[in-house]
Structures are given as C-alpha cells and as structure tokens.
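Residue numbers (our numbering), protein chains in the order written: chain Y, 2 to 300; chain W, 2 to 300; chain G, 1346 to 1678; chain L, 1346 to 1678.
For each residue, glycine too, the CB sits at the ideal point set by N, CA and C.
Accompanying notes for the structure given below.
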Amino acid sequence: MVAAPQLQDAVVTRMERHGSHFFTIGLRAGSIARQAEPGQFVMIAVHPQLAADSGFLAISSSWDPLLRRPFSIYRVNSAEEEIFLLGQATGRGSRILAAAVPGQVYSVLGPLGRPFRVEPGWKHLLLVGGGAGVAPLVFAGERFAARGIAVTVLFGFRNAGSVIGWEATSAWATSRYLVTEDGSAGKKGLVTDVLRRLLASASTTTTSTSSSGCDCGHGPAPTPARFDAILACGPAVMLKATAELARAAGVPCQVSAERTMGCGFGVCLSCVLPRPDGSYALVCQDGPVFASEEVDLSG
Amino acid sequence: MVAAPQLQDAVVTRMERHGSHFFTIGLRAGSIARQAEPGQFVMIAVHPQLAADSGFLAISSSWDPLLRRPFSIYRVNSAEEEIFLLGQATGRGSRILAAAVPGQVYSVLGPLGRPFRVEPGWKHLLLVGGGAGVAPLVFAGERFAARGIAVTVLFGFRNAGSVIGWEATSAWATSRYLVTEDGSAGKKGLVTDVLRRLLASASTTTTSTSSSGCDCGHGPAPTPARFDAILACGPAVMLKATAELARAAGVPCQVSAERTMGCGFGVCLSCVLPRPDGSYALVCQDGPVFASEEVDLSG
Amino acid sequence: MRRRRSISLASPVDLSVDLGRGLILANPVMTASGTCGYGEELARFIDLRQLGAFVVKGTTLHPRVGNPPPRLVETPAGVLNSIGLQNPGIDRVIAEKIPFLARLGVPVIVNIAGDTPAEYGELAARLDKVSGVAGIELNISCPNVEKGGMLFGADPQLAAEVVATVRQVTRLPVIVKLSPNVTDIGIMARAVVQAGADAVSLVNTYTGMVIDVERRRPVLARGVGGLSGPAIRPLAVYQVWQAYRALSDTDREGGGGGERSKVPIIGMGGITSARDALEFILAGASAVAVGTATFVRPVTVLEVVSGIREYCQRHGIRSLRQLVGAAHREGLA
Amino acid sequence: MRRRRSISLASPVDLSVDLGRGLILANPVMTASGTCGYGEELARFIDLRQLGAFVVKGTTLHPRVGNPPPRLVETPAGVLNSIGLQNPGIDRVIAEKIPFLARLGVPVIVNIAGDTPAEYGELAARLDKVSGVAGIELNISCPNVEKGGMLFGADPQLAAEVVATVRQVTRLPVIVKLSPNVTDIGIMARAVVQAGADAVSLVNTYTGMVIDVERRRPVLARGVGGLSGPAIRPLAVYQVWQAYRALSDTDREGGGGGERSKVPIIGMGGITSARDALEFILAGASAVAVGTATFVRPVTVLEVVSGIREYCQRHGIRSLRQLVGAAHREGLA
Ligand SMILES: Cc1cc2nc3c(=O)[nH]c(=O)nc-3n(C[C@H](O)[C@H](O)[C@H](O)COP(=O)(O)OP(=O)(O)OC[C@H]3O[C@@H](n4cnc5c(N)ncnc54)[C@H](O)[C@@H]3O)c2cc1C
Ligand SMILES: Cc1cc2nc3c(=O)[nH]c(=O)nc-3n(C[C@H](O)[C@H](O)[C@H](O)COP(=O)(O)OP(=O)(O)OC[C@H]3O[C@@H](n4cnc5c(N)ncnc54)[C@H](O)[C@@H]3O)c2cc1C
Ligand SMILES: Cc1cc2nc3c(=O)[nH]c(=O)nc-3n(C[C@H](O)[C@H](O)[C@H](O)COP(=O)(O)O)c2cc1C
Ligand SMILES: Cc1cc2nc3c(=O)[nH]c(=O)nc-3n(C[C@H](O)[C@H](O)[C@H](O)COP(=O)(O)O)c2cc1C
Ligand code: FES
Ligand code: FES
C-alpha cells in the first residue's frame, strides 16, 4: 500500500537553471521526501503562495494558470527532507515555476501515483529515458542501485545543450549510454538505436562487454547477463518504440506515461489512457507507471 | 503639455519591505524617470514579465489579477533613471507585487495623469498626507523645494509601525508635523487637528513660529507667512476634510484622488469622480490631481 | 449602516440548511458532482463527515467509458472539460460506491443523468430506498454527452417532464441542476419547481471551446466542453441572483400554509474560498458546492465551511439563514 | 497531415477582409467598442493607421453621463463593467471625435445604441454621409443600460426590426453586435442577417455580478455588469463557432449569384495575442476585435496584427481567408 499523499507548503531550498529550458528545484517537503518512491510524482502550484487573507482563506496568489503541474520526483535528499524536481520550461505554467527563487513557498501535493515495481530476484535494470523524462529514472537508478541491483542507463537528448540528469547517474550506473539526435554529445542517434543493439547482445550472450561501448567517455563497461526489466520514461513515441523492442526481446517493460492532469489524485477523470480492452486507465492513479502491455501508448 | 506616457519593461533595482504592509520598489525606467512630474502615477503589472513566447507574443505571465495597479511616483533618481513606488500591500494585486525581487522585470505604463500645478510666485506649500498617500507628496516636496519653495509637511499615520516616507522629507522640509492615531509616533490625533491650527495661525500672523511646534523631534521650525497652497493625498475622508478647511481659510487646495482604474489612460471610463455639475471627471486623465473644488470628493 | 451585535467569537452559529422533505444538512457546503468522484480519493485529504453533503459523480443507468482524451484543457482562470459522464453505472455505484460514503454518515446526494425522462425515472426508482442516499440531483445540463443533457436543460417543458417523472417514483428530495446556457435561468428554475423539484442547483458548466491553433482543430476530442472554475464565478453569482428573484414568488410544492417558503438554491461556479461562497449565499443560495477548486486544493471544501463560520462569528450572524439573499435586501442604496 | 509549403518568411500575406458593401479592411484586427474611446488616447501608444478598423465607443442620440461609480470590478482573469454608455451624443461625436480618426485614414466603424428601433434609425441616418465613417455597428447587446440594449439582443424579432429600420436609412455596411446571453446565438445571427445585416460581431459582454461580502451588496452601483477579458475567451470562441455554423447556410443579402458568400463574423472576447485571435478565426471569424486587453497593454491590438502575419508566414498561408473557419473543416479526426 502506497502512503497517503500530503498537501504541503514547501520552501524552495535550491533553484538552478540549466541551458535555456531546464531547471532543477529543491523543496523542503518532509513527509513527501520520506514517503516518495521512484516513479511517483507531485502536483505543484506554479505561483508562490501568499499568507492567508485576513479572515478569509487565500488559496493561491493567482488563479491563472489555474491547475497544478505534474512533475516526477527526480531525487530525494532524505537527510534534509528535500525533494528535487527536474523541470522543462515549455508552456505558461512551467515557465512561471521556472522563476522560483529560494525562500519562496510553493504548495505541493504528493507523493502521488504508483511507483516502478521491482520484483524480488531482479538483478539488472535498464533505464531508458528521453529529455525531461529522465527525471523519475534518476531517482529509480539511485534507489535500486543502493539495493544492489545493477543499473544500465540509456538516455537520449536533442543535443549537447539539452543533456540533463546525466551527471547524476555516474555515481551508481553499471553502464551508461548517451545519445543525442545531432551527435553533439555522446553517440549520434536515438535511444532506440542503442536499445536494439543492447537487447540483441544481451539476449545472445550471457556475460558480455557491451558491444556498442559506453559513449559517455568512461570507456566500455561490463554488461551482466540480460536485463530483468526495462524502466522507461520520455516522449510517447519513444515509449512506444521501447515497449515494442522490449516485447520482442521478451523483457518486461514499465513505462511512466504523461497525460494532462486536472487533479493528480483521481477525481477529475481527465488523465485517461486507453487499455487494450477499450476501457480507460487513470494515469494519476493507475499509473503513471504501467506495465507496457497494460495500456495503449498511442491512444 | 504633459509628455506622452510610455510602456516600459523595467528591471527591479531595489525592493524594501517596511513593517508588515509597506514596500518601496525601485525600477529602472528611463523615459518615465526623465519625464515624471510630481502627482503623476504609473500603472504597473503585478506579475513579473516573461520573455516572448516563440512565434507568439506573450503579454504577461498570468491573467489573474488581470489589471495593472496604479501607484503614484514616490521618488525619482534621475541619474540612475530610476523611479520609486511606495506601495501598501492590501489586496491580491499589491501583495503579489510586494513579492518582487531585484532583477525581475515588470511592465510599467507611465507617467500618467496630471501633476500638481505650482503657480509662479508661490512661495510656501503645505503638504498634507495620510498613509500611503504621502507617496506623491514626497516627490512634490523634493522637486518644489529644489526650486526654492518652502515646504511644510504634515503627515498622519495609524501608528508608529505604519509611518512611511517620513525620513525622506527631512532633507528638504521647512517644517514637519507628524501625527498618529494612537500617538505612538509624533503627536496623537488626525492631520486635520494640526491642519486646523496651522491654518488658523498662518492666517492670523504674518511671520510666525509654528504654534503647535514640530512633532518630529526637530524642535519648533519657523513658519513663513501663509500657505500659498495645500497639496493633499490620502484617504477620501481626509481629503474632504482638508479641502473644507482649506476653503474656509481661503487657501487653494489640490488633492490627488484615487479610484479603481481599469486602464489608467482614459479609455475604460471607470475612474469617474463626479463634478459639482453632475458630470464626471476621469481621475486618470483629468486627475489624479484636482483643484479641490473641481470634484465632489464624497461622490 | 448595519448594526453589529458584539458577540463572543466562540458563540455558536447555526449553519444548518433545510433542503426540503426532511433533508437537513449540518452546514451548507457540499462537493460538486463530478469533481470528487465517489469520495474515496478525497477522503485521503479531508474528513468527509464535516461536509454538508457529498454529491457523487454523474451516474447513468449503464456504465459509460466516457469521451476519448483530451478531456480537459486549461483556460484563463478556468478549465474546460469533456469527461462524458464516465461512470460504472447505477448498479455498481449502489453496490460498490455508496456504502463507503454511507458508512461515514455524510448525507449522499446522487447526481443522475439519463437519455430520456424514463431513464431518469428508472435511476431515481433504483435509488429510492438505498441506505445512505439522502437526495437525488438531476443533471439535466451536461454539455458533454450527445443525447439528453443539455437538451433537457434548455427546454422548460422537457425539464418539467423529467422532474415530474422522477417525482412520481421517489420520496427523496429532488434537486434539479440547471444549465447556465440559457437566456433566462429563472424560467427554467420556475418550471422545475412547479413540476415538483425540492431545490435547484446552479450552475453547471458553460459551453465553451479551445482551439489548438497549431493543429487547427479544437483541443478537446469532442470539440466543445464545459467551462468551470473561478473564471465563471461572476456569471454564476448572477445566475443565482436571477434564480432567487424568479423563485421568490414561487411556492415550494407542499410548502403548506404559514410562512412563504423559498425554494432552496444550491449555488456553485468557481468557489475557491469562504468569501466566494458568501457571494452565492448573499445572492440567494441556501447552500453551495465546490467543484474545480478541489482539483487545485483538495481541502478547499472544508476551508469554506470554517471560513463561513468565522465570517458569521465576526459579523454577529447567529444563523446562516439571515444571510441568504441578503444582497437583495440591503438594496443598491 | 497538412502539407506545408516552404515559402520564404518575407513572402507577402494577404490579410485583407471584405466586410461587405465595399468595406475592405487591410487586416482583420480592430478595436472593440468602448475599450478605446475615440482614438486620441490610444494614439499615444500605437499608430492607429495600422489597424484594420477603429470601432468607437457606443454612441447614443443624446449625451449620457453614464452610470454612477463603481463601474468596474476585477474578476478572475476578467473585468465586470457597468459604464452605462457614457458618451457625448452623436452630434458631438460627429463634430469633435470622428474628424481625428478620419484624418488618420483608418476605417471608422461607429457603434450605436438606441432605446427604440427608430432611434437606431435616426443615429444611422445621421452617420450615413459623415466623411470617414466606414460602417455602423449596432449595439443591441449592452447589459448596462435600462432600456434597449439587452432586450433587442435576446429577441430575434426585435433585433430584426432594429436592423431593418437601419438598413433602410443607410448604405453603409451594417454590423450587428450580438449578445452571448442567449440560449442559441445562431438564431440571433440568422435573424439579423435575414433582416439585412452585412456582418455580425460577437460577443458583447456576459452578464455577471460581484458581491462585496463585507458590505453585503453588489460591488457595481447598478448591481449587474458585463464580463469581458480572457476569462470569457473559451465561451466566445464557442459562440463564434456556433454562429459560423448557423450562417453557413445563410446567404448574405445581395450576395448575388456565383459562389456562396459567407456572412463575415467579427470575433471577440478575451483576445490578448495573435494566438487568441487565431482561435476565433479558425472558429469562423473573418475579423477580430481586441477589447479589455487594451486596458492592460495598449499595444496589444497591433501585436495581434503582426503575430497573425507571422503565423501565416510560418505556416505558408498566402491569404488569411484560408484560415477562416478552418477548424470546422479539419474535422475532429
Ligand atoms: C506524471 C507526470 C510526470 C511528469 N514529470 C515531469 C518531469 O519530471 N519533468 C518535466 O519537465 N515534465 C514532467 N511532466 C510534464 C509536465 O507536467 C508538463 O511539461 C507540464 O505540465 C507543462 O505545463 P506548462 O504549463 O509548461 O504547459 P502548458 O502548455 O501551459 O500547459 C497547459 C496544460 O497542459 C498540461 N500539459 C502540457 N504538457 C503536458 C505534458 N507533457 N504532460 C502532461 N500534461 C501536460 C499542463 O499540465 C496544463 O494542464 C510530467 C507529466 C506527468 C503527467
Ligand atoms: C492615481 C492613484 C495613485 C495611487 N498611488 C498609490 C501609492 O502611491 N501607494 C499605494 O500604496 N497605493 C496607491 N494607490 C492605491 C493603489 O492603487 C491600490 O491600493 C491598489 O490598486 C490596490 O490593489 P490590490 O490589488 O492590493 O487590491 P484589490 O482589492 O485586489 O484590487 C482590486 C481592484 O480594486 C482596485 N483598487 C483597490 N483599492 C484601490 C484604491 N485605493 N484606489 C484605486 N483602486 C483601488 C485595484 O486597482 C483593482 O482594480 C493609488 C491609486 C490611484 C488611483
Ligand atoms: C471535470 C468535471 C466533471 C463534472 N461532472 C459533472 C457531473 O457528472 N454531473 C454534474 O451535474 N456536474 C458535473 N460537473 C459540473 C460541476 O458539478 C459544477 O457544476 C461546475 O463545475 C461548476 O462549479 P465549479 O466552478 O466549482 O467547478 C463537472 C465539472 C467538472 C469540472
Ligand atoms: C469598459 C467596457 C466598455 C464597453 N463598451 C461597449 C460599448 O459601448 N459598445 C459595445 O458594443 N460594446 C462595449 N463593450 C464590449 C466590448 O466591445 C467587447 O465586446 C467585450 O468587452 C468582449 O471583448 P474583450 O473581452 O476583448 O473585452 C465594452 C466593454 C468594456 C470592457
Ligand atoms: S488527473 Fe484527475 S483523475 Fe487523473
Ligand atoms: S482608468 Fe480607464 S478611463 Fe481612467
């Protein structure tokens, strides 16, 4: 049973902007930091909060944008009761949030959703991430590696300027593969190019050194037997391709899906993803992490 | 002819909070700083601005609160092309603005409205201000004193904790009178109590030392002949009482009025104040400074 | 000037509301249908027993999968939704959903939607004796389904027919949820009250559309959706104001002799705080519901309860009833 | 998938709009009546000649002082106003206000409001030969005056009567400004077009109310007001969508043989940027107007012009006409 989500006023402890679009924000959110599991997310209000109005309850400083925004938990610093989010400033809400300053207070709801599920006996995980989608994978890698599981990382980005979350993986990854669309960092190509080779080599060899090598500058790294599971997060088209390759290779695959979310906790019914049987799953409650065959990722 | 107002993106140069409600904000706004005259105001968007949306023109980061807020120009630092506003955090908009941080960019429209008018030959002005209403008077005193006009200051506040703009007057005021409603700073009472005495003594003596003395701790100051005019700004009830006392004493009185403003530049017709003939004046265009007999201050 | 009695802050305030047919709520604040599911999700954030009533998601005779996504798009200070009444159907709602709320003891109002008057009747009949169900809300104003919905909500005769059908099969209080997408909501309010409604609730969402200019088509899969949230509040307050005027001369069916009884109005649309709720009450609502704000801040509905209580204490109001419609009486001076 | 022709960014885009009776605007963007006075104030911020047209403040036969304050109150992402048609009367507008705009050469559309059909006729007749006046907009939808206004705007027969009266006395293009406070705006649109309107503009403001809970009465002196601004945009886009559908089968009077001519719709309600304007165009508007956004950012209306041009260039659109109503045609997949 996943712990109950909390509504917390969280102080910004750190705010860093990376390149022109990404930012990482640290928030002091004790009970979320304590309970969060990899794959879970928070809903954060994009405007800082003000104190209560005299006599009346001021909910937010502004009603536009109205909705909170979902962000995966990227890292947790338990000692400091901090959570970190890795955000991409794209639309109105995330750009407003990107203006946060340490010391300001933001309202955060979480942790929400179902986390990645690692089964007993799993020894080697492959994390496949694209863009800001690497966020929950970094948390997952850190946590699961600490439990002694081998973790291979395969991250893809548009170009060198948008590489994010990569440094954080060096502390615990068994092997790391970096690709960019234009080849300006790591190998040129898509994650699926590398994934295809990784799965092929893993299924034909029992113990091997990665044939494609590690493009992160650390030289070839040893790759254990085969992957017990793939955990993936990123653009829908990447998730779909990853799921298909995984299925073909017979490797269980969990994907973290994204959908417009009105509430994040199951009451608005907006975040639906079709199941193969035509009914709908709620990304916020049944997900965001799904076994890839549970949902129709193109729906 | 008053110069044309400008729409400017102004960087916050300074932000200070005073007590629990007041703040002064410095903004780099070249053409406004150069053109502004005492009594004029700006309309400021309460949310910081974001860069333009790719391909589309992003106007503001948020549409709620929608309207700009009017603030009098409190001081001008011409050398640095800075304007200062003295704000009171009361409702939603001003409280959001009060969260401004140096370096952020705010959209400012101004200078707007008609300034205080000082006629040739005027030698002594009395400034009567209450609460945040002292803002345009500080600018007026500074400017007119620099032109060699004697300026007496009479400011009233609720209590010691809400005294604001008082320090700034010491550099140029001929005499200063401070009152608070609870007597926790200056003399206990209302500005009208002191005003009544000032006008009485001024009209009976030609050259006098203020009979009520200066309550600001600087000891009695010399008061020249009589006041050529009173410039007043503050709560409506104070303005009305001041205008009446001025009329009785035969001293010309200009008041800076406040009204909800939709636009600040004459197109929404929301900021109306009745004239004695039943027609309406626009506070943003015909004012905010009016000769006290031009408008019905209770309307 | 109004006189203010100086009473202690701790003095008790009577917040109870009589919705008719014996349904008395401890306080005037409820959840708005479709914004709080069937209670289990919200129960993780608040104690549902402190609500005046819990209004469940719109329920139909047969299960509905709802509309394809996207179902929701944000608008300035609002959201546009097209959920399409996704729900497990009345039988499963009765078997699996209502017991949870019934156990808590919070009055449950079931929001129902049908394609025909007969379907509304059938739904109401099945609910009539279900333990825990305190009232029925007829959703005749959903803009997000092909049939029924809006049609009934915009036609006084059709609406009256639905109400009359339901009235015959249930002794539960019947609340009719009105659409604001009409020229005169007062006509609709009178029609349903004359047909036997015990109360009216308003507003449901306003029909709207957002277009994705890059893809040159509506964002929502079904094109149109229903607008809710703070953006609509001034419109909704006005609709309650109008409905209150229209109902001022209309007796509640069975109101009997004696004092003229007003038909209670449940006001909603963009409520985010006690202040907002009080706007509706002063405009004529006896009770209020919180919808979209729950998405943003799940504790809102209880903050509204405590905020209203504080307001009454601060203003020396002993009974909330004093405030209902007070903005009409204080006049425009 | 839509094909995108790759053309140079500098390629010219035809933004012109034909509003009928020879009134051709250089671009589709105008000011909304009552939000830009008679031009002098706005001219301090923008070059009015770059506008498609300038629509002046609602003008009446006799001068009006307007409603007592407060006349405006902010709402979530909107404003509620009750100005009450303050204006100096038609004679002074003709003598003192129009010459300024006429000299600039921007097409002037005069928004008029009367208490009776005859008054509309009288106003139109006086404007018929005034130099610089390019069109007349009939405001049959103002919620802020006692008589006329809304009454005409909610009744297709009364509205048609007003239009027919005006049609007889002027050869200027007649635009009818519709109220959104109706069950079906399509019925109103058809009625006024059949009565001789050359174009329709929509929406005027939505009737709303804000209550001051501390004073327990409406904030606005007249109680109700009209809601405008971003808050209403999704509602207004939908109304344009509906009007476009309704008018798709309705010929423009005098449209003559040959190709079926659509009646142009001027869309407005919450436009703050080119993106917003494009929503209206894609929903079926041939032109758009910017109202409340001008208060917040006086340069908006010109930013919309340049933003639309950029959009067309980026998407390889040679003529804006290709986009009008395109969201209907691209279908909902
Ligand atoms: C479970 C989950 C976890 C996520 N984790 C991350 C993360 O760790 N880092 C990160 O950068 N992004 C993450 N996203 C995506 C992020 O929520 C969106 O980028 C963000 O909501 C966009 O908001 P906006 O205001 O910038 O865009 P706007 O275009 O202004 O948003 C308008 C509306 O669309 C919704 N929306 C827009 N894009 C998306 C999207 N891709 N997914 C879901 N809703 C969207 C918004 O929430 C909002 O309701 C996650 C999404 C989900 C559902
Ligand atoms: C010409 C002029 C100069 C001003 N100069 C100053 C100044 O130097 N320092 C200062 O602290 N205040 C000044 N004010 C008052 C200041 O504009 C208001 O306090 C402020 O707009 C309140 O906004 P809010 O968001 O805090 O209140 P809210 O209650 O959220 O505002 C809601 C609406 O009411 C309007 N409003 C509320 N109170 C006032 C008011 N007193 N006057 C006008 N509109 C109001 C707001 O502009 C807004 O449109 C001035 C007002 C005017 C008209
Ligand atoms: C996502 C969503 C789903 C809704 N579903 C229903 C419903 O099933 N039945 C109903 O009567 N109203 C439904 N409504 C309308 C709300 O109950 C309420 O009338 C409306 O949202 C206005 O209130 P608000 O602004 O507080 O949300 C729904 C509203 C939303 C936003
Ligand atoms: C303060 C104000 C005054 C208005 N006056 C008029 C008017 O005189 N005549 C008219 O037809 N519409 C008038 N309108 C309506 C606008 O022209 C426009 O239809 C409406 O505001 C919606 O557009 P917007 O959201 O861009 O403001 C007025 C609107 C506002 C806000
Ligand atoms: S986001 Fe509301 S139900 Fe999932
Ligand atoms: S504030 Fe708009 S006219 Fe004065």
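Residue-level contact to chain W via CB, tryptophan 173(Y), 9 Å cutoff: It does not: the Cβ of tryptophan 173(Y) has no partner Cβ on chain W nearer than 9 Å.
Ligand 1 heavy atom lying under 8 Å from the CB of alanine 30(Y): no
Residue-chain proximity (isoleucine 33(Y), chain W), Cβ-Cβ < 9 Å: no
Beta carbon proximity, phenylalanine 291(Y) to chain L, threshold 9 Å: Cβ-Cβ to chain L under 9 Å: no for phenylalanine 291(Y).
C-beta neighbour in chain W for valine 1298(L), strict 9 Å: A query on residue 1298(L) cannot be resolved here, the shown segment of chain L reaching from 1346 to 1678 and no further.
Limits of the beta strand (DSSP E) - the one that glutamine 36(Y) falls within: Taken as a continuous stretch (DSSP letters only), glutamine 36(Y) belongs to no beta strand (DSSP E), being part of the alpha helix (DSSP H) at 31-36.
heavy atom of ligand 4 below 8 Å from lysine 1442(L) C-beta: No.
Whole-angstrom C-beta distance between valine 12(Y) and arginine 29(Y), which should lie under 8 Å: 5 Å
Nearest-angstrom Cα separation, counted from proline 39(W) out to glycine 1380(G): First, the residue type needs correcting, since residue 1380(G) is threonine and not glycine in the sequence shown. C-alpha separation (whole angstroms): 52 Å.
Selected residue, minimal CA-CA separation from histidine 48(Y), among Gln41(W), Ile97(W), Ala146(W): Ile97(W)
The stretch 76-96 of chain Y touching the stretch 118-131 of chain Y, judged by at least three CB pairs closer than 8 Å: With a cut-off of 8 Å, the stretch 118-131 of chain Y and the stretch 76-96 of chain Y do not count as touching, because too few Cβ pairs lie within range.
Inter-stretch contact at 8 Å, needing at least 3 Cβ pairs: the stretch 1382-1395 of chain G / the stretch 1641-1648 of chain G: Contact holds: three or more Cβ-Cβ distances are below 8 Å.
C-beta contact flag for leucine 179(Y) and phenylalanine 158(Y) at 9 Å: yes
Residue(s) in a DSSP beta bridge with glycine 1423(G): Thr1420(G)
Phenylalanine 72(W) Cβ short of 8 Å to ligand 2 heavy atom set: yes
Alanine 161(W) beta carbon less than 9 Å from that of alanine 186(W): Going by C-beta atoms, alanine 186(W) is nearer than 9 Å to alanine 161(W).
Exposure label - glutamine 1502(G); buried when at least 16 CB within 10 Å: The Cβ neighbour count for glutamine 1502(G), taken over all protein chains shown within 10 Å, is under 16; the residue is labelled exposed.
Residue from Cys264(Y), Cys272(Y), Gly267(Y), Leu240(Y) with nearest C-alpha to serine 257(Y): The residue with the shortest Cα to Cα distance from serine 257(Y) is Leu240(Y).
Chain-ordered chain Y contacts of arginine 1654(G) [CB-CB under 7 Å]: Near arginine 1654(G) there are no residues of chain Y at all, since even the closest Cβ is about 12 Å away, more than 7 Å.
Status (buried if at least 16 other CB within 10 Å, exposed otherwise) for glycine 111(Y): buried
Supposed contact pair glycine 1382(G) and glycine 1411(G) - C-beta distance, whole angstroms, cut 8 Å: Their Cβ separation, rounded to whole angstroms, is 13 Å, which puts glycine 1411(G) and glycine 1382(G) out of contact at 8 Å.
With 16 other Cβ atoms within 10 Å as the buried cut-off, status of glycine 263(Y): buried
Exposure of glutamate 17(W), with buried meaning 16 or more beta-carbon neighbours within 10 Å: exposed
CA nearest to the CA of threonine 1376(G), picked from Val1635(G), Ser1651(G), Lys1402(G): Answer by Cα proximity: Val1635(G).
Beta-carbon spacing of leucine 1483(L), valine 1514(L) below 9 Å: Cβ atoms of leucine 1483(L) and valine 1514(L): not closer than 9 Å.
Three-state class that DSSP yields for lysine 1(W) in the structure shown: Since the first residue of chain W shown is 2 and the last is 300, residue 1(W) is not available in this structure.
Short-range partners of chain Y found in the stretch 1408-1438 of chain L, where Cβ spacing is below 9 Å: Pro1421, Ala1422
Proximal chain W residues relative to leucine 1387(L), where beta-carbon distance stays under 7 Å: Those within 7 Å of leucine 1387(L) in chain W are Val268.
First and last residue of the uninterrupted beta strand (DSSP E) at valine 43(W): 42-45
Minimum Cβ-Cβ distance from threonine 1552(L) to chain W less than 9 Å: So, not an interface residue.
Same chain only: Cβ atoms within 7 Å of glycine 20(W), ignoring 5 sequence neighbours per side: Counting only Cβ-Cβ distances below 7 Å, and skipping sequence neighbours, we find Gly162, Ser163.
Cβ-based contacts, 7 Å cut-off: residues of the stretch 1359-1385 of chain L near chain W: Look at the stretch 1359-1385 of chain L: the residues with a C-beta under 7 Å from a C-beta of chain W are Thr1380, Cys1381, Gly1382.
Identity of the residue in Cys254(W), Gly288(W), Asp278(W) nearest leucine 270(W) by Cα: Gly288(W)
Cβ pair count under 8 Å reaching 3, the stretch 1647-1657 of chain G against the stretch 75-85 of chain Y: no
Valine 251(W) burial status per 10 Å Cβ neighbour count (16 or more: buried): The amino acid at residue 251(W) is misidentified as valine; the sequence shows glycine. Classification of glycine 251(W): exposed, given that the 10 Å Cβ count is below 16.
Closer than 8 Å: glycine 265(W) CB and nearest ligand 7 heavy atom: Ligand 7 is not part of the structure shown, which contains ligand 1, ligand 2, ligand 3, ligand 4, ligand 5 and ligand 6 as its ligands.
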